[in-house]
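Numbering (our numbering), first residue to last: 1178 to 1685. The structure appears below as structure tokens.
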């Protein structure tokens, strides 16, 4: 059922693309951008750092390491599956309000996570922390789209928002590795640290984020609770089945794992069938075909590039830890170049040409910068990275192939997310800012989960059949190379008639 309400009633945001209130002062804009970036930073660091601490937590809690994996998996599942519903609620109930609620939820349950010593309670509180992020991040996206309409400030703030992910990954790896070296019980300090960062962000957000402004519109602000339950359940079941396929005793041969995957697809189908009958829907299906289907193209490329890059991340972990025998901290150092270059990639586009950057920068693996449609896409630089790893000669120095590969890897996914944020915001109206951002973010999350799952199957099966870990890793890297080329072809076709990123909203 849909909650009671009548239209017209008040909603929050902007009207007809006009800003509500004066342009924010420069200092306030900088702090606002930092606050929004910190939200993404905390989400990413909260995912990468605990993953490195899983062996230490297993020893401290005296439980099998496989059970401790849920400290990471519960968080990732919860933070991914609720964003679409949360985005719609932020568009209706107020973006600042939902942003603060999400930060508060994260901080409270991060503190509890650090204080308890029971794996079941920890897994539950980690999931609740993830729910906090799933509320805050779509609201943060909508805040940018609704609050900052002027260029180049809009592009720069979106760049900062996207920058939180690579910086959070890099810092999270170091924090996790460093705390793991302190000794028993040190893992709890991580969650206190993340809670503290969230509290600081919460306080700053109260001060710098403009208040939600009520504007009389004809928008119906009822909530489709049935649609929200269906889409959230579908996402949860889908990501759970993928995550548990690597944790269950027999993997995909465990009966409930494929059963849950099929169930998730059926529930998703039910959501699609329900949506036309709901008023208003959680996700307007017309968004996917609007502007010549460009929103679908942007989200599709985000999904595909996440499969490619997260597949590489998983395979490189097996390569460095299981084959080369590195510790978690040494592994973090080994992949540090990719995270540093990723941070540079996230901000580089507006340094070159802030307003006129061609959309071919979103051709994820494209190495060239020629106009889309004029010149065939060169082989993707993401493909080059994966090929370098797949063909790595045994015993070759790190600097010959691994380091150059990591310099090439991040450009695709980081520019996709940074430019994708801007494009999605430019393609939708004010009342759909947060839900559109959530759709984009969910596409990346699902691609990441699927990429890890597929790559794990390939690496595991090939390695087991060959009795050689390295051969399994090579197969995983070749999969990443092929996936990267698929992204390049998809983006070339999807954006062949598109000009400047800043003008994408003018397309009919």
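In this text, a Cβ means the ideal position worked out from N, Cα and C, and glycines have one as well. Owing to the predicted nature of the structure, the values given are computational and were not obtained by experimental measurement.
Legend entry - Classification of residue 1645 by the beta-carbon crowding that lies within 10 angstroms, buried from 16 upward: To locate residue 1645, count along the chain shown from 1; it is residue 468. Residue 1645 is exposed by the Cβ-count criterion.
Inset, instruction - Using the Cα positions of residue 1181 and residue 1466, report the straight-line distance between them to the nearest angstrom. - result: Looking up residue 1181 in the chain shown gives position 4. Looking up residue 1466 in the chain shown gives position 289. With a pLDDT of only 39 at residue 1181, under 50, the local geometry of the prediction cannot be trusted, and the value read off the model is given with reservation. Going from the Cα of residue 1181 to the Cα of residue 1466 covers about 29 Å.
Legend entry - Three-pair Cβ contact test at 8 Å for the segment 1646–1656 versus the segment 1437–1451: no
Inset, instruction - Can you tell me the Cβ-Cβ gap for residue 1255 and residue 1311, rounded? I've got them flagged as a contact below 8 Å. - result: By one-based count along the chain shown, residue 1255 stands at place 78. By one-based count along the chain shown, residue 1311 stands at place 134. The Cβ separation is near 7 Å, so the contact holds.
Inset, instruction - In the DSSP assignment, find the unbroken alpha helix (DSSP H) run with residue 1581 in it and report its ends. - result: Here the question's residue 1581 lines up with position 404 in the chain shown. Counting along the chain, the alpha helix (DSSP H) containing residue 1581 begins and ends at 1575–1585.
Inset, instruction - Compute the distance between the beta-carbons of residue 1354 and residue 1229, then report whether it is under 7 Å. - result: For the purposes of this step, residue 1354 is taken as the residue at position 177 of the chain shown. For the purposes of this step, residue 1229 is taken as the residue at position 52 of the chain shown. It is a contact, given that the beta carbons lie within the stated cut-off.
Legend entry - Cβ-Cβ distance between residue 1320 and residue 1399 below 7 Å: Locating residue 1320 in the chain shown gives position 143, where the first residue counts as 1. Locating residue 1399 in the chain shown gives position 222, where the first residue counts as 1. No.
Inset, instruction - Just confirm the distance between the C-beta atoms of residue 1597 and residue 1486, as a whole number of angstroms; I'd bet it's less than 8 Å. - result: The residue labelled residue 1597 in the question sits at position 420 within the chain shown. The residue labelled residue 1486 in the question sits at position 309 within the chain shown. The beta carbons of residue 1597 and residue 1486 sit about 14 Å from each other, so the pair does not count as a contact at 8 Å.
Legend entry - Collapsed DSSP secondary structure at residue 1401 in the structure displayed: As a working note, residue 1401 is residue 224 in the chain shown. Annotated three-state conformation of residue 1401 is strand, per DSSP.
Inset, instruction - Give a yes or no on contact between the segment 1406–1423 and the segment 1213–1229, applying the rule of three or more CB pairs nearer than 8 Å. - result: no
Inset, instruction - Would you tell me roughly how many angstroms separate the C-alpha atoms of residue 1238 and residue 1359, rounded to the nearest one? - result: To locate residue 1238, count along the chain shown from 1; it is residue 61. To locate residue 1359, count along the chain shown from 1; it is residue 182. Take the alpha-carbon of residue 1238 and the one of residue 1359: they are about 16 Å apart.
Legend entry - Sufficient close CB pairs (3 or more, under 8 Å) joining the segment 1453–1461 to the segment 1627–1634: Result no; under three Cβ-Cβ pairs closer than 8 Å.
Inset, instruction - Can you give me the Cβ contacts of residue 1414 inside the same chain, cut-off strictly under 8 Å, excluding the 5 residues immediately before and after it? - result: For this step, residue 1414 is matched to residue 237 along the chain shown. The answer, listed in chain order, is 1437, 1438, 1440, 1441 and 1444.
Inset, instruction - Please confirm whether residue 1341 and residue 1602 have their CB atoms less than 7 Å apart. - result: On the chain shown, position 164 is the one that residue 1341 refers to. On the chain shown, position 425 is the one that residue 1602 refers to. With contacts defined by Cβ atoms closer than 7 Å, residue 1341 and residue 1602 do not form a contacting pair.
Inset, instruction - Note the first and the last residue of the continuous alpha helix (DSSP H) segment covering residue 1425. - result: For this step, residue 1425 is matched to residue 248 along the chain shown. Residue 1425 -> no alpha helix (DSSP H), and no H or E assigned at all.
Legend entry - residue 1689 and residue 1385 closer than 7 Å at C-beta: With the chain covering 1178 to 1685 only, the question about residue 1689 has no answer from this structure.
Inset, instruction - Taking only runs that begin and end inside the segment 1454–1520, name each unbroken alpha helix (DSSP H) of 4 or more residues, in chain order. - result: 1463–1494 and 1505–1511
Legend entry - CB of residue 1615 within 7 Å of CB of residue 1261, strictly: The residue labelled residue 1615 in the question sits at position 438 within the chain shown. The residue labelled residue 1261 in the question sits at position 84 within the chain shown. Cβ atoms of residue 1615 and residue 1261: closer than 7 Å.
Inset, instruction - My understanding is that residue 1515 touches residue 1583, with C-beta atoms under 8 Å, so please give their C-beta distance in whole angstroms. - result: Sequence index remark: in the chain shown, residue 1515 carries index 338 (1-based). Sequence index remark: in the chain shown, residue 1583 carries index 406 (1-based). Right, the Cβ-Cβ distance comes to about 4 Å (below 8 Å), so this counts as a contact.
Legend entry - N-terminal and C-terminal residue of the alpha helix (DSSP H) that residue 1631 is part of: Your numbering for residue 1631 matches position 454 in the chain shown. Start and end: 1610–1643.
Inset, instruction - Confirm, please, whether the CB-CB distance from residue 1482 to residue 1693 is below 7 Å. - result: Because the chain is modelled from 1178 through 1685, residue 1693 falls outside the range shown and cannot be assessed.
Inset, instruction - Below 6 Å CB to CB, which residues in the same chain sit around residue 1210 once its five sequence neighbours on both sides are set aside? - result: Taking the first residue of the chain shown as position 1, residue 1210 is located at position 33. Excluding sequence neighbours, residue 1210 sits near 1334 and 1337.
Legend entry - Cβ contact check for the segment 1374–1382 and the segment 1211–1224: 3 or more pairs under 8 Å: yes
Inset, instruction - For residue 1222, I'd like the list of residues in its chain whose CB is within less than 7 Å of its CB, leaving aside the five on either flank, ordered along the chain. - result: For the purposes of this step, residue 1222 is identified with residue 45 of the chain shown, where counting begins at 1. Answer for residue 1222: 1345, 1348, 1349, 1352 and 1371, listed in chain order.
Inset, instruction - Classify residue 1227 as helix, strand or coil using the three-state DSSP reduction. - result: If you number the chain shown from 1, residue 1227 lands on position 50. Residue state, collapsed to three classes: helix.
Inset, instruction - Check the C-beta distance from residue 1587 over to residue 1519 and give it rounded, since I have them as a contact under 8 Å. - result: Translated into positions along the chain shown, residue 1587 becomes position 410. Translated into positions along the chain shown, residue 1519 becomes position 342. About 3 Å; that satisfies the 8 Å criterion.
Legend entry - Under 7 Å between C-beta atoms of residue 1253 and residue 1296: Your numbering for residue 1253 matches position 76 in the chain shown. Your numbering for residue 1296 matches position 119 in the chain shown. For residue 1253 and residue 1296, no; Cβs fall outside 7 Å.
Legend entry - Cut-off 6 Å between Cβ atoms - residues of its own chain near residue 1331, not counting five sequence neighbours on either side: Position 154 of the chain shown holds residue 1331. For residue 1331, where only same-chain residues beyond five positions count, the Cβ hits under 6 Å are 1325.
Legend entry - First through last residue of the alpha helix (DSSP H) which encompasses residue 1569: Numbered from 1 along the chain shown, position 392 holds the residue referred to as residue 1569. No alpha helix (DSSP H) contains residue 1569, which DSSP labels as neither H nor E.
Legend entry - For residue 1651, the three-state DSSP class (helix, strand or coil): Here residue 1651 corresponds to residue number 474 of the chain shown, with the count starting at 1. If DSSP states are grouped into helix, strand and coil, residue 1651 belongs with the helices.
Legend entry - Rounded separation between residue 1576 and residue 1590 - CA only: Residue mapping note: residue 1576 aligns to position 399 of the chain shown, counting from 1. Residue mapping note: residue 1590 aligns to position 413 of the chain shown, counting from 1. Rounded to whole angstroms, residue 1576 to residue 1590 spans 23 Å at the Cα level.
Inset, instruction - Hey, could you find the ends of the alpha helix (DSSP H) residue 1343 is sitting in? - result: The residue labelled residue 1343 in the question sits at position 166 within the chain shown. Run containing residue 1343: 1330–1357, per the alpha helix (DSSP H) assignment.
Inset, instruction - With a cut-off of 8 Å on the beta carbons, I'd call residue 1632 and residue 1488 a contact; round off their distance for me. - result: What you label residue 1632 is simply residue 455 of the chain shown in a count that begins at 1. What you label residue 1488 is simply residue 311 of the chain shown in a count that begins at 1. 4 Å between Cβ atoms; contact.
Inset, instruction - Counting only the same chain and skipping the five closest in sequence on each side, list residues whose C-beta sits under 8 Å from that of residue 1529. - result: The residue labelled residue 1529 in the question sits at position 352 within the chain shown. The predicted model places residue 1529 with a pLDDT of 43, which falls under 50 and marks its position as unreliable, so this point remains unresolved.
Inset, instruction - Report all residues from its chain with a CB closer than 8 Å to the CB of residue 1491; omit the five preceding and five following residues, and keep chain order. - result: If you number the chain shown from 1, residue 1491 lands on position 314. Once the five neighbours on either side are set aside, the close Cβ partners of residue 1491 are 1628, 1629, 1632, 1633, 1636 and 1653.
Legend entry - Selection from 1608, 1435, 1499 and 1387 that minimises the alpha carbon distance to residue 1208: Stepping through the chain shown from its first residue, residue 1208 is reached at position 31. Answer by Cα proximity: 1387.
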